[in-house]
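Per this note's numbering: the sequence shown = residues 424 to 667. Don't be surprised by glycine CBs; every beta carbon is placed ideally from N, CA and C.
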Amino acid sequence: MGILAGKTAIITGASRGIGKATAELFLKEGANLVLTAHQNVKLLNELAKNKQVLVVKADLRLKDDIKKLVKDAFDKFSTIDILVSNAGTFEIVDFEEIEESHFDEVMNLDLKGAFFLAQRVIPYFRKQGHGKIVNVSSLSGKIGSASAPHYAAAKAGIIALTKSLARKYGKDNINVNAIAPSLINTDMVKSIPKERLDKLVDAVPLKRLGSPDEVAKLILFLASPAADYITGQTISIDGGMSMI
424 MGILAGKTAI ITGASRGIGK ATAELFLKEG ANLVLTAHQN VKLLNELAKN
474 KQVLVVKADL RLKDDIKKLV KDAFDKFSTI DILVSNAGTF EIVDFEEIEE
524 SHFDEVMNLD LKGAFFLAQR VIPYFRKQGH GKIVNVSSLS GKIGSASAPH
574 YAAAKAGIIA LTKSLARKYG KDNINVNAIA PSLINTDMVK SIPKERLDKL
624 VDAVPLKRLG SPDEVAKLIL FLASPAADYI TGQTISIDGG MSMI
């Protein structure tokens, strides 16, 4: 029996990368899963064949979609125990060329979606007397990003949101933590030009990209009983970059 047996987890952005790896690991550990994607729902078809999995197409920029997602999750499994807010978007744009549309796109998905999804889930956590949120931030949310400042600002907001909710809801036995990955081998990182990516990897003390599976293991730890006395933290998983 897995360490998440009997638990229900909502995982956003689950169709690829970190979200997909987390979904697969949580399923192995016995969790019921509610998986979301916006444009890539078909990529979840294999997982959707499992009776422990509910796939919901949702645009997390829309509050009505968030409301429906949480209702569908509870209606299906009668409990919500874990929220992994992973959905996000990334683009490299020079600061002086960032349009309002660029800014809004990143903020609405990377920060606003996580904010209002937590707002909708927390009442269920409070009623049942427990719950865990793991927010996926980024190293750029801690140290900034010269090439994607709007993304860094959104991810910094995730860190502040994490601390705020941890302070407010600790008394309700709700743990809220974040992770700050950097240079993980996902489509997002593959969008970085090769010459620049090679230089970034060379600056990593471990001299390699991280894998989505490695990040998923950290998320599993924070969602598990092993992390019951951890809250309000942002844990870097970056091959040592943040110690430089």
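Around the beta carbon of LYS578, a 10 Å sphere encloses 16 or more other beta carbons of the protein chains shown; the residue is thus reported as buried.
Between the stretch 564-571 and the stretch 623-633, the count of Cβ pairs shorter than 8 Å is below three; the stretches do not touch. Following the DSSP letters along the chain, one finds ALA432 inside the beta strand (DSSP E) bounded by residues 431-434. If you draw a straight line from the Cα of GLU519 to the Cα of ALA576, it is about 15 Å long.
In the structure shown, the three-state DSSP call for VAL516 is coil. Between SER501 and LEU466, the gap from beta carbon to beta carbon reaches 8 Å or more. As for any beta strand (DSSP E) of minimum length 3 sitting wholly inside the stretch 574-618, the runs are 597-604, ordered along the chain. Residue pairing from DSSP leaves GLY442 without any beta-bridge partner.
Of the candidates HIS573, ALA496, LYS474, the residue whose Cα lies closest to the Cα of LYS480 is ALA496. In its chain, beyond the 5 residues on either side, ILE426, LEU427, THR445, LEU448, PHE449, GLU452 have a beta carbon closer than 8 Å to the beta carbon of LEU643.
Three or more Cβ pairs closer than 8 Å define a contact, and the stretch 642-657 falls short of that threshold against the stretch 469-485.
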